[in-house]
Structures are given as structure tokens and as C-alpha cells.
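Novice:
There are 2 protein chains.
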Amino acid sequence: MSDPARLSKLSTESYKGVRDFFPEDMAMEKAIFDIWREVAEKYGYEEYAASVLEPAELYRAKSGEEIVNEQTYTFTDRGNREVTLRPEMTPTVARMVAARRRGLAFPVRWYSIPNLFRYEQPQRGRLREHWQLNVDIFGADSAGRAAGDAVEIEIISMACDITRAYGLTDADFEIRINSRVLVNHLLKDIFTLDETAAHSLSKIIDRKEKLPSEKFAEAVREIIGEKSSGTSSNLITILSSKTVAEFLKHCSAMEKNFIGITNIENVMTGLAKLGITNVRFDPTLMRGFDYYTGIVFEIFDLNPKNHRSVFGGGRYDDLLSLFGNDAGTARVTAVGFGAGDVVARDLMETYGTLENITREQTPADISICLIDTDDGSVHDYAFKLAQTLRAENVRVSIDFSKKKTGDKIAAADKRHIPFIIVLGEEEIKSDHITVKKLVTKEEKLFSSTEFKDIGNYIKKS
Amino acid sequence: MSDPARLSKLSTESYKGVRDFFPEDMAMEKAIFDIWREVAEKYGYEEYAASVLEPAELYRAKSGEEIVNEQTYTFTDRGNREVTLRPEMTPTVARMVAARRRGLAFPVRWYSIPNLFRYEQPQRGRLREHWQLNVDIFGADSAGRAAGDAVEIEIISMACDITRAYGLTDADFEIRINSRVLVNHLLKDIFTLDETAAHSLSKIIDRKEKLPSEKFAEAVREIIGEKSSGTSSNLITILSSKTVAEFLKHCSAMEKNFIGITNIENVMTGLAKLGITNVRFDPTLMRGFDYYTGIVFEIFDLNPKNHRSVFGGGRYDDLLSLFGNDAGTARVTAVGFGAGDVVARDLMETYGTLENITREQTPADISICLIDTDDGSVHDYAFKLAQTLRAENVRVSIDFSKKKTGDKIAAADKRHIPFIIVLGEEEIKSDHITVKKLVTKEEKLFSSTEFKDIGNYIKKS
Chain A
1 MSDPARLSKL STESYKGVRD FFPEDMAMEK AIFDIWREVA EKYGYEEYAA SVLEPAELYR
61 AKSGEEIVNE QTYTFTDRGN REVTLRPEMT PTVARMVAAR RRGLAFPVRW YSIPNLFRYE
121 QPQRGRLREH WQLNVDIFGA DSAGRAAGDA VEIEIISMAC DITRAYGLTD ADFEIRINSR
181 VLVNHLLKDI FTLDETAAHS LSKIIDRKEK LPSEKFAEAV REIIGEKSSG TSSNLITILS
241 SKTVAEFLKH CSAMEKNFIG ITNIENVMTG LAKLGITNVR FDPTLMRGFD YYTGIVFEIF
301 DLNPKNHRSV FGGGRYDDLL SLFGNDAGTA RVTAVGFGAG DVVARDLMET YGTLENITRE
361 QTPADISICL IDTDDGSVHD YAFKLAQTLR AENVRVSIDF SKKKTGDKIA AADKRHIPFI
421 IVLGEEEIKS DHITVKKLVT KEEKLFSSTE FKDIGNYIKK S
Chain B
1 MSDPARLSKL STESYKGVRD FFPEDMAMEK AIFDIWREVA EKYGYEEYAA SVLEPAELYR
61 AKSGEEIVNE QTYTFTDRGN REVTLRPEMT PTVARMVAAR RRGLAFPVRW YSIPNLFRYE
121 QPQRGRLREH WQLNVDIFGA DSAGRAAGDA VEIEIISMAC DITRAYGLTD ADFEIRINSR
181 VLVNHLLKDI FTLDETAAHS LSKIIDRKEK LPSEKFAEAV REIIGEKSSG TSSNLITILS
241 SKTVAEFLKH CSAMEKNFIG ITNIENVMTG LAKLGITNVR FDPTLMRGFD YYTGIVFEIF
301 DLNPKNHRSV FGGGRYDDLL SLFGNDAGTA RVTAVGFGAG DVVARDLMET YGTLENITRE
361 QTPADISICL IDTDDGSVHD YAFKLAQTLR AENVRVSIDF SKKKTGDKIA AADKRHIPFI
421 IVLGEEEIKS DHITVKKLVT KEEKLFSSTE FKDIGNYIKK S
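Residue numbers (our numbering), protein chains in the order written: chain A, 1 to 461; chain B, 1 to 461.
So this is what it looks like as C-alpha cells:
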């Protein structure tokens, strides 16, 4: 409070690219978090959390210097430690599982709802901070291949339940799946690319949807040239396959019982048995991160207004081996996905699910409207009444503002508070109050000895 | 994944001074948050939130350069903006209310559970990040003095309910209250100190509990000397008063109907009428922050093992006037408090409240233990069964690990999962499964057409 002249100009704006959550925004955010928590917990997943601050080396190790420097918030603390505001949760959860790998009872099923930071130029829909559901299952694969595919079925089934909970029907979206093992085999063994060329090409394939088809073809040709085992146009035809059968037809060198093919078929069959049939094989699906090692998937919104990938995940079996205490022990397999709050809110707005939430949001079950706010005994009575109601789990708001009584009732109505009690000298003298339901205008009288019954009355009406 | 040699040394430790929340930690954290949310919502308070990143000027304005530089995490982003990881929530909520002050219907009752950062040398109990309940009521005072005191009664009553919910009885703690108006009047008018001397002295009074009594007396003497209107020992006697009556007896120059005195008496009387009688006037209570302008209070744990202030708050009527859009409008009054998660957990551990939470924590209601995990049809059956149960809001965990069946049951028991289903070829052939309650060994057989009744059965047993 040192310089009033400067202070008078203090801005009420938040930091660029982040959001303030006023109660009406928070209600929607909580509705999204509730969906996430409810679905994850039905699948037996437990919530964990960590600080948004992580040692910068956690990301450097995995992603290379570039990402740490250009796309993250990284700074040096006064102990000369480099600190990063986490841009994703997977390195954190891998670190935590690695830290306790000897004590944890695998499989470990965990979820978290962290906020994540990315340094973006702020623009519509490109925020610097967002919240994300992260779901992961670790070490579930010791039972062998059948159980391995079971993990993917569990995870994708959960992703499907979340999308349905957003308000989408199965006709509104598609689950796209692919296998990194399959893509690696295709590029390295069948198209005989070396590590570097295969990596570059997989990055181009990842961007296929964003490139005009000629540009894509040109980029593919540039990397693979015209090798003996295939041509670039041949590869493009293979990548355009819409089913496994079509893929095998186009790619005669692929073994029908290759593990990558079998995994995809097992997952699609398993999901179909659960009634999840909006699943499509997509050999161009990569899901960005280099750490994926097996099945990858995404939820794709088919609505012509959106027509985009909304979230996804996959298997990343090698990430835990980055940590120091891994030496000599079996690797911990992992499958997971992340789903963001901004996309969730967009979807729920598109599909009309958020309207109910806005309609039902209210700060209290009952408003006690004081007639004479200068009279201390009215306050005392109101506080005592509120205390009784709160003990019965009723949410009570006392309106001791200077407004006229009619305006206080209107204010309660506007905020969707369903019940009111008008309280003045008369009520106190008679030791009786009237509970009024605003929607129906129904009224019920209670004597002071009956105040504890108001909670039940409200819940039943 | 660029340098495997370096990567193998990646540490599993979190950043210094922050915490990882493994599921068992998270369960306790959520139990604390649940208490906070439940009490705040019973009082009609709505949840809001904001980003942990704030423009650095928000704290500089209020606290002076020193705090921004030495006690906060502040860094410069690539757009050359100074950014701070919020060290407290009050400036943020003041900013948000100021931003919408024309649109909000006052009084505004809000709460939030933000994480806050302080740059501390990490040591036991001194964390760099903690979570804090923040409760505030804005603009409730237009109804005049009676309503003004009503706000304090509401806020302190809520703080008391939270402390009781931690597991403390009223005999375990004390609510200490004071008035900044009273202290200012005492120092400036009665002891005729100028602004600077009064401010320095109030900082010393704030530290009274931490100083040996001779040190305190010396520091007081140094500032006030031996003025005409009183001596330093006279002031120390006044400050040692345990009741308002004692204070007035020691300080004959204080008017009995001075507003600061009246406020304290009103609040104590109002709380007593709600059965809250563990309230004590403490003229040395300051509660740190310079922005307090009226009643301040704290919850003090009387347990000899702790004997410390656990949380508190007060009135801060001038903070919103720091913001640019305030010109020409009436000031927005405010009363609030903050309660931290670390102290809450300590208290709940001391008073035994957390034990039940640990005992009840379980990742699922039922575990489906697969006998033959290599048989795909067992998986299919388990997934279908789980889907049916989840649709009935049962939390289901499928154990498809390689463990022996007996070990799977033991694992479920160890994690407090109350029910199990053992599933193998036999169950599938007969199309019947047995739900077993682990504690009582009670068993019940269900045919596949009855699977949807399992949810109800579990909830009733």
C-alpha cells in the first residue's frame, strides 16, 4: 500500500492466456471434473496429485532441450535449480511410480486432474494453462498378451464412457486406433528405413490431417525415395486403408499374424463385445509423443462443426526405465490417456449438456431474508435458525443487505435458490416462520420447536 | 529419449519443498477439502478459482517490492512480463471482484481452495507449496453497523465449524479476536505515535508471542519512549489484558463506546448466542497482513503439544480500492479467512480424525478376480460383468494379474475392497457368479440375468 497513485491503476485482468473461474465458470469446471472422477472411480482408479513445479530435467530427458526451452515455462530458482511448470502429467506419474515401484501392488490404476502449462501465444482456444484428466494403468501386463490387450480394452472403454458422459451418442464420435509397433514394422522392416528416416516420416504421418494431400505425398516421397521394397505412392495407399483387411490387401509384405495386427484386432473385438462398435483402424494415427510403444487411440468428434480429435492416449512401456532405480528389475508397462477441460467444455456446449448445469446451479437451498436489518434481535434469530438448518445439512444464505424485502426475494429467485424465509419482528414475536417454495408459491408454517424438520421438508418438496 | 546414459540417472524425487500426493495422501487431502467445501457451502458460499500465475505487480502494489523479490517465486516470461506464483489468494479474489463489481449482486460469498507458493528454505513443516481454503464475503455492509458485525459473526462461526469438523471440541481451542481500529486508536491517538512509529510498533506486537518478554518490552520502549500520555510499561500492561473490561480498566483514556470496543463486544455476544463461548479478546492479535482494517481473529489450538495459532482472518475494507475501475464508486467491504492443508492434517492427526479416513479408503467396491488370465473368454465375461455393475454405480476393479487366486483375494482384502467375485471357466459355463463379502465371508449366488441386482445387494449389505 506504498504508492496510492500507482496502485489506482492496478489492472483487474488475469495473466495473459490463463482463466479466472467465477462461480458460474467453476460450476461448469466442477461438472466436468465430476464426470471424470465418477467414470475413473467406477473403473477402480485412485486419485493422486503432485505439484505443478517439477525439476526441468524431467522434461529434458524425455523430450530434448527444444521443448523445455521453447514450449514450457522454465525458470531458475534462487538455489540455482531449473524448475518447470509441468506441460504434461505423464513424466510426473512415471516419476512417482518409479519412486515406489518396490512397494506398489501392481497393477496400479491411477488418475489425476492436474493443471498443465504451455508457453503459447495466447489466441482463441490456445490457452497457456488448462486442466486435464490423466488416467494410467501400470504393470498390468505380467499376465501376458491376452491381459495386455485387456488393458487397452479397459482404457478405451473408459475413454468411451467419458465421451458418452459429455453428452455424445456413439453416432457422434469415432474411436480411432493404431499401433506404433505396426507403424515401426511398416517403415523400418517393410520400407527398410533407418531409425532417423523412420522417425522423420512418422512425424509427417502424424501431421497428415493437417497437410494438403499433395504436400503430404511430396514429404513422404522426399524421405523414402523409391526403395526396392515399395514406392512412396504404395506407402500412401497403405496409409489410406480404412480397415485392417484393406491394410493387409495393400501391404502384401505384412504378416497377417504380426503382433501389431493381432493387438488391433483383439482390441476391436473386445470393444465390440462391450457394444462399442464406433471403432475404426487408422494407420496414420500417431498421437505425437515419442514415448508411445504400442496401441495408440483417439476420440474423434464427427460433428461437421468440430470434426477433430478431442483426446487420446496409448501404451508407453519404456518410460519408467528412464529413472535411476530401474536397474536390474523388470520393466513396468503402462497405458494411459489424457482428456482436457477446454475441449470437454466445447463438446458439452455443442451437445447441450452444460445447459442443465447452469440451470441447476445455486449457492444455497434456502435464503433467509431479513426485513429489519438494523434490529440486532432479527440477526440473532436468523443466525440461530441458520445454525439449526445447517446442522441438518441445509445450505443457508442470510440476506442482511439493505434491499427491500421484495428485492431480496427476487434476488434469491434469480440465483435459483428454491426456498425463502422472510424474517421480521412479527415472526420473532410469534416464534413461527413460513418456508416458501418460490416455484410453486407453496408455503408451510413452522414453530421454533419444528425448525429441525425444515431440512427434511425441503429435501422432500 | 535422446541420451540413455544420462537418463538412467533421472531422479524420482519431486522438486524441493513440494509434495507428491500418492493415493493414500490424496485421500487425506480430499477429506480435508471435503470438510472445507461442506462447511463453506452450508453457509451459502460459492466456489471460484484462478490460475496460480498472476502478474507480479498484483503483489508489489500491496506488499512492497521486498515481498515480491524475496519471498515469492517471480520470473520474467518471454513476453517480458513479470509473473508470480501466487503466495496468497486475497489479492486474486480482490482483483476478480473488482473486475466484476458492476455486475455482481452483493453481498458476494465466495470460497476457493488454491495452492499457494512461498520461497522458503525447505525444512520440516516449512513447505514451498500448500493448499488453503479461502473464504470471503464482499459488500455485505451497506446495511450499517449491526450487519457489519453480523458479517464477522458469520465468518467466525464458519471458522469454528471447520475447527470442530477437524475433530476438536470447544475445550481444545480458543477463538482470539481483536480490532485493528482499536489498536490504531490506542497507538496513534492515545499513545500519540505517528504513522511510521505506529506501524513499526504494530509489527512488534504481532511478534509478541515469539519474543521473550524482556525483548518485547525493550522493543516497545525503543519506539514509544516515555510520552506524556503514557509509558511503555503502561502500554505493555494494557496489551496484556485478557478481557475487554480489563483493557478498559488499564486504559482509562479509551472511550467505552469506541467503535473498536463495540465491534468486539457485538461479535463476542453474537457468537455466545450461537453457543460459541470459547472466544477471548486479545489486544496483541494482529494477523500480519497490512490490509486488515477492522476485526481480526484466529483459531488457537490449546493442546499443550501444539499450542499455536492454526488459522485466522479479518476485515479488509480497503483492498478493492487498489484497482483501477474503482473511481467514484462506493468501497466494497470485505471479511475473510484462510485455513491451510498442512495445519489441518496435523490437527486431524493429533485429534485422531484421520484414522477413519485411512481405514475407509478403498479403490473399489468390488474386485473381480480372474482365475485363468490367459483365457480370452474369461476376460470378455469379466468386462461385460464390470460394465453391468458400473452402470449401477458400482466401482469395479478387475484383477487380471498373474497372481494366484488366493493372493488376488488377499490383495483385495488388504486394500479394503469389501466384495469379491472369483471368475473362471466354471462360472462362465454355469452362467452364475458368487459375490462374497470379505469381512463376514457371506456369499450370494447371482445368475447372469440378475447381475444388475448386484449393485443394490452391495449397497444394502
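Glycine included, each C-beta is placed from N, C-alpha and C at the ideal position.
1. By alpha-carbon positions, which one of A:R287, A:R102, A:H307 and A:V39 ends up nearest to A:E298?
2. Over what stretch of residues does the alpha helix (DSSP H) that includes A:N266 continue unbroken?
3. Pairs of beta-carbons, one from the stretch 190–208 of chain A and one from the stretch 373–393 of chain A, closer than 8 Å: are there three or more?
4. Give me the residue from A:Y351, A:Q361 and A:W110 with the minimum Cα distance to A:Y48.
5. Does the CB of B:M1 have a neighbour CB from chain A at under 9 Å?
6. What distance in whole Å lies between the Cβ atoms of B:P363 and A:G44, which are believed to be in contact at a cut-off of 8 Å?
7. Can you find a C-beta in chain B that's less than 9 Å from the C-beta of A:G144?
8. When you compare the CB of B:G313 with every CB in chain A, is at least one pair closer than 9 Å?
9. So what's B:F419 in DSSP terms, helix, strand or just coil?
10. Buried or exposed, going by whether 16 or more other CB atoms sit within 10 Å of the CB of A:E65?
11. Which first and last residues belong to the alpha helix (DSSP H) in which A:R359 is found?
12. Answer yes or no: does any C-beta atom of chain A fall closer than 9 Å to that of B:R78?
13. Are any of the Cβ atoms in chain A nearer than 9 Å to that of B:L274?
14. For the stretch 42–55 of chain B, which residues have a CB atom closer than 9 Å to at least one CB atom of chain D, in sequence order?
15. Give the interface partners of A:Q387 over in chain B, defined as CB-CB distance under 7 Å, in chain order.
16. Is the distance from the Cβ of B:T333 to the Cβ of B:G139 below 9 Å?
17. Where does A:F22 sit, in a helix, a strand or coil, going by DSSP?
18. Which of the three DSSP states, helix, strand or coil, is assigned to B:S401?
19. Within 10 angstroms of the Cβ of B:K436, are there 16 or more other Cβ atoms? Answer buried if so, exposed if not.
20. Report, in whole angstroms, the separation of the C-beta atoms of A:L201 and A:I236, which I expect to be a contact under 8 Å.
21. Cβ of A:K273 within 8 Å of any heavy atom in the ligand FMN?
22. Helix, strand or coil: which one does DSSP assign to B:Y111?
23. In angstroms, rounded to a whole number, what distance separates the CA positions of B:T12 and A:E265?
24. Measure the C-alpha to C-alpha separation of B:G144 and B:A150 and round it to an integer number of angstroms.
25. Along the chain, where does the beta strand (DSSP E) containing A:N134 start, and where does it finish?
26. Hey, how far is the Cα of B:L438 from the Cα of B:P418?
27. If distances are taken between C-alpha atoms only, which option among A:F323, A:T350, A:R37 and A:D318 comes closest to A:H307?
28. Drop a sphere of 10 angstroms on the beta-carbon of A:K256, count the other beta-carbons inside from all chains shown, and report buried for 16 or more, exposed for fewer.
29. Going by C-alpha to C-alpha distance, which of A:V244, A:E443, A:R390 and A:K441 sits closest to B:L274?
30. If contact is defined by three or more beta carbon pairs under 8 Å, each pair taking one atom from either stretch, is the stretch 171–184 of chain B in contact with the stretch 299–319 of chain B?
31. So if I threshold CB-CB distances at 7 Å, which residues from the stretch 347–372 of chain A count as touching chain B?
32. Nearest-angstrom Cα distance between A:E425 and A:S448?
33. Once DSSP output is grouped into helix, strand and coil, what is the label at A:S321?
34. For A:S179, list the residues DSSP reports as bridge partners.
35. Of all the options A:Y291, A:Y166, A:V343 and A:N263, which has the alpha carbon lying nearest to the alpha carbon of A:D318?
36. If we require 3 or more residues per run, which beta strand (DSSP E) segments fall completely within the stretch 37–100 of chain A?
Specialist: In brief:
1. On the first sequence, position 298 is the one that residue 298 of chain A refers to. Restricting attention to A:R287, A:R102, A:H307 and A:V39, the CA atom closest to the CA of A:E298 is found in A:R287.
2. In the first sequence, the residue the question calls residue 266 of chain A occupies position 266. Where A:N266 is concerned, the enclosing alpha helix (DSSP H) stretches over I259 to K273.
3. At 8 Å Cβ cutoff, the stretches do not touch.
4. Locating residue 48 of chain A in the first sequence gives position 48, counting from the first residue. Across the set A:Y351, A:Q361 and A:W110, the C-alpha of A:W110 shows the shortest separation from the C-alpha of A:Y48.
5. Counting from one through the second sequence, the residue named residue 1 of chain B turns up at place 1. Only weak support is given to the placement of B:M1: the predicted model assigns it a pLDDT of 41, under 50, and the question is left unresolved by the model.
6. For the purposes of this step, residue 44 of chain A is taken as residue 44 along the first sequence, with counting starting at 1. For the purposes of this step, residue 363 of chain B is taken as residue 363 along the second sequence, with counting starting at 1. About 5 Å; that satisfies the 8 Å criterion.
7. Translated into the one-based positions of the first sequence, residue 144 of chain A becomes position 144. Interpretation of A:G144 is limited by its pLDDT of 49, a score under 50 that renders its predicted location unreliable; the figure taken from the coordinates is listed afterwards. Flagged as an interface residue toward chain B: A:G144, by a C-beta distance shorter than 9 Å.
8. Numbered from its first residue, the second sequence carries residue 313 of chain B at position 313. False, the Cβ-Cβ gap to chain A never drops below 9 Å.
9. Sequence index remark: in the second sequence, residue 419 of chain B carries index 419 (1-based). Looking at B:F419 - three-state DSSP - the assignment turns out to be strand.
10. As a first step, residue 65 of chain A is located in the first sequence; it is residue number 65 there, counting from the start. Low confidence applies here, because A:E65 scores a pLDDT of 47, under 50, leaving its location unreliable; read the following figure in that light. A residue is called buried once 16 or more other Cβ atoms fall within 10 Å of its Cβ, and A:E65, having fewer, is exposed.
11. Locating residue 359 of chain A in the first sequence gives position 359, counting from the first residue. Segment L354 to E360, the alpha helix (DSSP H) holding A:R359.
12. Sequence index remark: in the second sequence, residue 78 of chain B carries index 78 (1-based). Yes, B:R78 lies at the interface with chain A (some Cβ there is under 9 Å from its Cβ).
13. As a position in the second sequence, residue 274 of chain B is number 274, starting the count at 1. Yes, because at least one Cβ of chain A sits closer than 9 Å to the Cβ of B:L274.
14. Here chain D cannot be found, since the structure's protein chains are A and B.
15. Counting from 1 along the first sequence, the entry for residue 387 of chain A is found at position 387. Chain B residues near A:Q387: L274.
16. Taking the first residue of the second sequence as position 1, residue 333 of chain B is located at position 333. Taking the first residue of the second sequence as position 1, residue 139 of chain B is located at position 139. Cβ distance < 9 Å, so B:T333 and B:G139 count as in contact.
17. As a working note, residue 22 of chain A is residue 22 in the first sequence. Of the three classes helix, strand and coil, the one that applies to A:F22 here is coil, per DSSP.
18. On the second sequence, position 401 is the one that residue 401 of chain B refers to. Per DSSP, reduced to three states, the secondary structure at B:S401 is coil, with no helix or strand assignment.
19. Reading the second sequence from its first residue, position 436 is the one you call residue 436 of chain B. Classification of B:K436: buried, given that the 10 Å Cβ count is 16 or more.
20. As a working note, residue 201 of chain A is residue 201 in the first sequence. As a working note, residue 236 of chain A is residue 236 in the first sequence. About 11 Å separates the beta carbon of A:L201 from that of A:I236, a gap too long to meet the 8 Å contact definition.
21. Only the bare structure without any ligand can be found here, which leaves the ligand FMN out of the picture.
22. Position 111 of the second sequence holds residue 111 of chain B. The answer is strand: DSSP assigns B:Y111 an E or B state.
23. Counting from one through the second sequence, the residue named residue 12 of chain B turns up at place 12. Counting from one through the first sequence, the residue named residue 265 of chain A turns up at place 265. Taking the CA atoms as reference points, B:T12 sits about 36 Å from A:E265.
24. What you label residue 144 of chain B is simply residue 144 of the second sequence in a count that begins at 1. What you label residue 150 of chain B is simply residue 150 of the second sequence in a count that begins at 1. Per-residue confidence for B:G144 stands at a pLDDT of 49, beneath the threshold of 50, marking its modelled position as unreliable; no derived number is given.
25. As a first step, residue 134 of chain A must be located in the first sequence, where it is residue number 134. Where A:N134 is concerned, the enclosing beta strand (DSSP E) stretches over E129 to F138.
26. Here the question's residue 438 of chain B lines up with position 438 in the second sequence. Here the question's residue 418 of chain B lines up with position 418 in the second sequence. Answer to the nearest angstrom: the Cα atoms are 6 Å apart.
27. Numbered from 1 along the first sequence, position 307 holds the residue referred to as residue 307 of chain A. It is A:T350.
28. For the purposes of this step, residue 256 of chain A is identified with residue 256 of the first sequence, where counting begins at 1. By the neighbour-count criterion, in which 16 or more other beta carbons inside 10 Å mark a residue as buried, A:K256 falls on the exposed side.
29. For the purposes of this step, residue 274 of chain B is taken as the residue at position 274 of the second sequence. The shortest C-alpha separation from B:L274 is found at A:R390.
30. Yes, they touch.
31. Listed by position, the residues of the stretch 347–372 of chain A near chain B (Cβ gap below 7 Å) are P363 and A364.
32. Taking the first sequence and counting its residues from 1, one reaches residue 425 of chain A at position 425. Taking the first sequence and counting its residues from 1, one reaches residue 448 of chain A at position 448. Taking the Cα positions, A:E425 is about 14 Å away from A:S448.
33. Translated into positions along the first sequence, residue 321 of chain A becomes position 321. The three-state reading of DSSP puts A:S321 in helix, counting H, G and I together.
34. On the first sequence, position 179 is the one that residue 179 of chain A refers to. In the DSSP assignment, A:S179 forms a beta bridge with A:I295.
35. As a first step, residue 318 of chain A is located in the first sequence; it is residue number 318 there, counting from the start. Taking only the C-alpha atoms, the option nearest A:D318 is A:Y291.
36. Assignment of beta strand (DSSP E) within the stretch 37–100 of chain A, counting only whole runs of 3 or more residues, yields 53–55, 73–76 and 82–85 in chain order.
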